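Below, the structure is given as structure tokens:
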């Protein structure tokens, strides 16, 4: 789908699918690609550190920026105001340098009966925790 959509705007895409995760890691580490599909999510913006820190083995952008590295290190601070300021700068740098091309945002739709009591979700809101769920009597 993405390939045909990009073709419509004049961008030719060659898809090279790998056999498994080990092969994907090999390609990602080699840097022998123009675009790599991956996803990441979490509750804390420190998930950006492994993806963008110059020395990280999972920095698949292979982007090296001493200032960005400094911001990522400082952003591990416990001071919330400092973290917000730094992660705003970090995200702006990532987008200004076009290190990623966000093409999707997952939506997780979950329905449940009003008869369920005690239903809670993980911090991301994706997965229900069912250990305290009870069904109310009608």
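In my numbering, the protein residues as written are 3 to 140.
Cβ atoms here follow ideal geometry from the backbone N, Cα and C, with glycine treated the same way.
Computed from a prediction, not measured in an experiment: that's the story for all the values here.
Simplified DSSP assignment, three categories, for residue i
i	result
residue 137	strand
residue 118	strand
residue 52	helix
residue 131	strand
residue 123	strand
residue 86	helix
residue 72	helix
residue 26	helix
residue 91	helix
residue 99	coil
For residue i, the nearest candidate out of the options (CA to CA)
i	options	result
residue 8	111, 133, 103	103
residue 111	130, 105, 97	130
residue 79	61, 46, 64, 139	46
residue 124	116, 21, 60, 133	133
residue 138	101, 26, 116	116
residue 105	75, 127, 41	41
residue 98	83, 20, 28, 65	65
residue 56	39, 75, 38	75
residue 5	39, 128, 127, 89	39
Whole-angstrom distance between residue j and residue i, CA atom to CA atom
i	j	result
residue 30	residue 58	12 angstroms
residue 12	residue 23	30 angstroms
residue 43	residue 54	14 angstroms
residue 70	residue 32	22 angstroms
residue 67	residue 86	20 angstroms
residue 140	residue 107	38 angstroms
residue 34	residue 10	25 angstroms
residue 21	residue 100	28 angstroms
residue 19	residue 63	19 angstroms
residue 37	residue 28	14 angstroms
residue 122	residue 128	10 angstroms
residue 15	residue 81	44 angstroms
residue 118	residue 84	41 angstroms
residue 126	residue 77	21 angstroms
Cβ-Cβ separation, residue j to residue i (assumed contact under 8 angstroms), whole Å
i	j	result
residue 135	residue 120	5 angstroms
Between the region 46-58 and the region 88-102, do three or more beta carbon pairs fall short of 8 angstroms?
yes
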